[in-house]
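Chains A and L are the protein sequences, given in the same order. Heads up: the first sequence runs through residues 0 to 339, numbered per numbering that gives the first Met the number 0. Heads up: the second sequence runs through residues 0 to 401, numbered per numbering that gives the first Met the number 0. See structure below.
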Amino acid sequence: MTQASPTRSTSTNRLLAFLRDERFLQALSQIIFILIIGGVAYWLTQNLLAALARQGIRLGYGFLTETAGFDIGEMMIEYSRESLFARALQVGLLNTLLVCFWGIISSTIIGLVVGVARLSTNFIINRIAWVFIELMRNIPLLVLLVFLHGGIFLQLPRVREAIAIPGSIYLSNRGLTIPWFTLTPAFSIQVPELQGFNFSGGLTLSPEFSALLIGLSIYTGGFIAEIVRAGIQAISKGQTEAARALGFSWWQTLRLIILPQAMRVIIPPLTSQYLNLTKNSSLAVAIGYPDLLSISNTISNQTGRSIEMITIIMAIYLSLSLITSAILNWYNNKVRLVER
Amino acid sequence: MTTATVDRKILPPPIERYTVLGWVYKNLFSTWYDALLTLGSATVLYLVFAPMIGWAFTTAKWEVINANLRLLMIGQYPPSELWRIWACLYIAAIILGVSWGMWVRGSGGVGIALIVAPFFFMLFPSLELNDRLNLGGIVIAALAGFFIGRARGKSLSRLTTLSWIVYFPLVIFLVRGLNEEKQFFGVIGSNFWGGLLLTFLLTVVGIVFSFPFGVLLALGRRSSLTFVKMFCIIFIEVIRGVPFITILFMSQLVLPLFLPAGLTLDRVIRAMAGVIIFSAAYLAENVRGGLQAIPKGQFEAAEALGLNGFQTTIYIILPQALRAVIPILVGQFISLFKDTSLVAIVGLYDLLGISRSLLAQPDFIGRQPEVYMFISAIYWMFSYVMSYISQRLEVRMGVGER
Chain A
0 MTQASPTRST STNRLLAFLR DERFLQALSQ IIFILIIGGV AYWLTQNLLA
50 ALARQGIRLG YGFLTETAGF DIGEMMIEYS RESLFARALQ VGLLNTLLVC
100 FWGIISSTII GLVVGVARLS TNFIINRIAW VFIELMRNIP LLVLLVFLHG
150 GIFLQLPRVR EAIAIPGSIY LSNRGLTIPW FTLTPAFSIQ VPELQGFNFS
200 GGLTLSPEFS ALLIGLSIYT GGFIAEIVRA GIQAISKGQT EAARALGFSW
250 WQTLRLIILP QAMRVIIPPL TSQYLNLTKN SSLAVAIGYP DLLSISNTIS
300 NQTGRSIEMI TIIMAIYLSL SLITSAILNW YNNKVRLVER
Chain L
0 MTTATVDRKI LPPPIERYTV LGWVYKNLFS TWYDALLTLG SATVLYLVFA
50 PMIGWAFTTA KWEVINANLR LLMIGQYPPS ELWRIWACLY IAAIILGVSW
100 GMWVRGSGGV GIALIVAPFF FMLFPSLELN DRLNLGGIVI AALAGFFIGR
150 ARGKSLSRLT TLSWIVYFPL VIFLVRGLNE EKQFFGVIGS NFWGGLLLTF
200 LLTVVGIVFS FPFGVLLALG RRSSLTFVKM FCIIFIEVIR GVPFITILFM
250 SQLVLPLFLP AGLTLDRVIR AMAGVIIFSA AYLAENVRGG LQAIPKGQFE
300 AAEALGLNGF QTTIYIILPQ ALRAVIPILV GQFISLFKDT SLVAIVGLYD
350 LLGISRSLLA QPDFIGRQPE VYMFISAIYW MFSYVMSYIS QRLEVRMGVG
400 ER
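Encoded structure:
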């Protein structure tokens, strides 16, 4: 029987072996995959080019150096309607960074306080923290933002009847007015006072900025609180008991024993919360705060350059995300338990 | 084995009993700063909530909700085809009832709240009689399911899990219809979907259709094929690195340009495409977590049995990985339910979008607090109940622990 197929020579066998080789199959499937992806990409590009030709649009980023011609409500750098589109984007980026910076700080503070309160033995404090966390985790951020903006800030009374909160904080339809420090001529804290139809001194945050900042802070704070609680609970009870046995007070135990250890558990999920906050700040577009996304929307409405603007925006948010996660990874490596 | 455990029975810790005063002392006033905290927070609570409750019962005009209840719930869905929505709700009530009776059981509070919620809705004067009867019918269906589930116990377990999986595609089918000619069970286009109905449909479509893509992306990310792996990593990381709203803008503004001439998608379908892409990237990461949890021995055992890579994935790895990610999938369903509110920004009439268009009408100007409070309550209720049930199920079924 072995003599029956002398024609099936060694070369055929070799070919068969080659065809069944794992490495060959892998290479083949890669090539097929690339061909499919390339084909789809080619088809989409052809469609795009045809659509652009039909509508008479040409792609390009040259329009960024044209005059913007629209006003922006809030800005940190000099800008007027004679400025360029690129400058307008810069204004938007800075506004986004501003709200993210303060949002990260205040959401961390809120999260820390509420997370610790959630573990309090005091019944009322514990329940308040629970209700707060469950509210924040189960209401969409966008609904929270439009509620704060349209339902609360825009319904506030005029400046003369502003609602005063202890600590020289005023709420009016101009926004939130708080005491603020000044560096010129020397460091001092200014307290806002009602003079005529406006406040003098202090800092007035627009209704849009206040709603966005408060919304982002309490929403993210609710998530951070759960992370903090989980982090503290991950520390074994023996640590607390040992600290108490050594005569540490409740506060010292928390500050010197529990939190430093809990930080290691807390940092990685905290990172993703900060990233979420950065991305969520783009919801400003719904309440009219001139952040990066809403300015780019204005630009694409004016110029019709939606493809270019979307790619710019995606690139910027992607790099913001990568930078934030790089910084936090670096910090995470620093606080990591050093093993021998 | 059992004999040894009989005499060494583990006793539960002694139950602590307090009098009312004893409880108050221990939980509210055990130290001087505890007392201070209690009094301080009680004062703050009073200062914040007293005006709010006063507002809700005196100044607030809730008529805006009553007058637009149907719009908020189902948008422009034709009233003659309302039975389909009710059918979806009845089926959901029965399956939920059975699951509750079988797995959740004892927990009373949320269950009772769920039974009471339809009665609360019956209070709206704008509802017609048959709406109220249907709401009552749903409660009865849910209760019947509950008792069946409790009586039959675990024997229905497989069937119930299966019906949950079949339920979601069924909802899409029922709401959309079949018949192209507009007679019985005709197609109701996506431009008629609105309100809470659209919110749910976006979520269901997002999860159902993103599931295969998510699994493929997760497998691709762990693949040994360099290009496949690279493509999957780039896709997942880019989608996860940008805000959801930019993906929605992309699907609304840029996607039409990539389609061949003559093919147009309406805005709801385009938004669904955005939701699916977004959800697939996040789902892929969750499934990847499930894949990583599978011990290496499983792969080696499959190889020893002579299975090839494809067979190993289909028969050995995926069934275990998917089982482990079920709780995470429920979590993702809930967060997608909340995230779909973003479609309001691109002009769709979901629960939030329809509220915003309602508030733009001259009749309802200045009614923002009432409307937003109502829809917040709706979102809160659904998402809280879903996460509560999923937590209970996780504990009961031991999913993800094996």
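Think of the CB as a built atom: it goes at the ideal place given N, C-alpha and C, for glycine as much as any other residue. Here the structure is a predicted model, which means the values were calculated and not measured.
Nearest neighbour of residue i, chosen from the options [CA to CA]
i, options, result
"residue 68/A", "333/A, 313/A and 302/A", "302/A"
"residue 146/A", "388/L, 358/L, 186/L and 386/L", "358/L"
"residue 320/A", "250/L, 162/L, 238/L and 379/L", "238/L"
"residue 309/A", "340/L, 294/L and 254/L", "254/L"
"residue 166/L", "195/L, 90/L and 146/L", "90/L"
"residue 222/L", "249/L, 200/L and 291/L", "291/L"
"residue 151/L", "14/L, 99/L and 323/L", "99/L"
"residue 405/L", "346/L, 333/L, 282/L and 328/L", "Given that chain L is displayed from residue 0 to residue 401, the structure contains no residue 405/L and the question cannot be resolved."
"residue 175/A", "32/A, 181/A, 186/A and 158/A", "158/A"
"residue 368/L", "216/A, 149/A, 211/A and 197/A", "149/A"
"residue 292/A", "204/A, 277/A and 312/A", "312/A"
"residue 319/L", "293/L, 299/L and 339/L", "293/L"
"residue 273/L", "341/L, 110/L and 296/L", "341/L"
"residue 100/A", "213/A, 55/A and 116/A", "213/A"
"residue 345/A", "11/A, 116/A, 92/A and 85/A", "What the structure shows of chain A is the stretch from 0 to 339, and residue 345/A is not part of that stretch, so it cannot be assessed."
Buried or exposed (CB count within 10 angstroms, at least 16 for buried), residue i
i, result
"residue 245/A", "exposed"
"residue 190/A", "exposed"
"residue 125/L", "exposed"
"residue 249/A", "exposed"
"residue 220/L", "buried"
"residue 137/A", "buried"
"residue 31/L", "exposed"
"residue 206/A", "buried"
"residue 394/L", "exposed"
"residue 400/L", "In this prediction, residue 400/L has a pLDDT of 43, which is less than 50 and means its spatial position is unreliable; nothing more can be read from the coordinates."
"residue 139/A", "buried"
"residue 194/A", "exposed"
"residue 42/A", "exposed"
"residue 374/L", "buried"
"residue 54/L", "exposed"
"residue 382/L", "buried"
"residue 2/L", "Low confidence applies to residue 2/L: its pLDDT is 48, below 50, so where it sits in the model is not reliable, and the reading given next is rough at best. The residue is exposed, with fewer than 16 neighbouring Cβ atoms inside 10 Å."
"residue 4/L", "Note that residue 4/L scores 48 on pLDDT, short of 50, meaning its location in the model is unreliable; the coordinates nonetheless yield the value given after this. Exposed is the call here."
"residue 211/L", "exposed"
"residue 157/L", "exposed"
"residue 160/A", "exposed"
Residue i vs residue j beta-carbon contact at 8 Å
i, j, result
"residue 44/A", "residue 223/A", "no"
"residue 162/A", "residue 155/A", "yes"
"residue 46/L", "residue 97/L", "no"
"residue 71/L", "residue 344/L", "no"
"residue 27/L", "residue 121/A", "yes"
"residue 123/A", "residue 41/L", "yes"
"residue 298/A", "residue 87/A", "yes"
"residue 268/A", "residue 226/A", "yes"
"residue 311/L", "residue 301/L", "yes"
"residue 95/A", "residue 324/A", "no"
"residue 29/A", "residue 227/L", "yes"
Endpoints, the alpha helix (DSSP H) within which residue i is located
i, result
"residue 360/L", "No alpha helix (DSSP H) holds residue 360/L; DSSP gives it neither H nor E."
"residue 28/L", "No alpha helix (DSSP H) contains residue 28/L, which DSSP labels as neither H nor E."
"residue 272/L", "266 to 291"
"residue 169/A", "Premise fails: residue 169/A lies in the beta strand (DSSP E), 168 to 171, not in any alpha helix (DSSP H)."
"residue 258/L", "Element bounds for residue 258/L: n/a, residue is neither H nor E."
"residue 123/A", "122 to 137"
"residue 330/L", "317 to 338"
"residue 236/A", "236 to 244"
"residue 25/A", "21 to 54"
Limits of the unbroken beta strand (DSSP E) element including residue i
i, result
"residue 197/A", "197 to 199"
"residue 192/A", "192 to 194"
"residue 187/A", "187 to 189"
"residue 180/A", "179 to 181"
"residue 63/A", "Where residue 63/A is concerned, there is no enclosing beta strand (DSSP E), given that its DSSP letter is neither H nor E."
"residue 202/A", "202 to 204"
"residue 163/A", "162 to 164"
Any non-hydrogen atom of the ligand ATP closer than 7 Å to residue i Cβ
i, result
"residue 221/L", "In the structure on display, the ligand ATP does not appear, and there are no ligands present to speak of."
Open item on the list: Just to confirm the assignment: which complete alpha helix (DSSP H) runs, minimum length 4, are found wholly within the stretch 89 to 162 of chain L?
Closed with: Counting whole runs of 4 or more residues, the stretch 89 to 162 of chain L contains the alpha helix (DSSP H) stretches 107 to 121 and 128 to 151.
TODO: Any chance you could list the alpha helix (DSSP H) runs of at least 4 consecutive residues sitting entirely within the stretch 161 to 246 of chain L, in chain order?
DONE: Runs of the alpha helix (DSSP H) lying entirely within the stretch 161 to 246 of chain L and spanning at least 4 residues, in chain order: 194 to 220 and 225 to 240.
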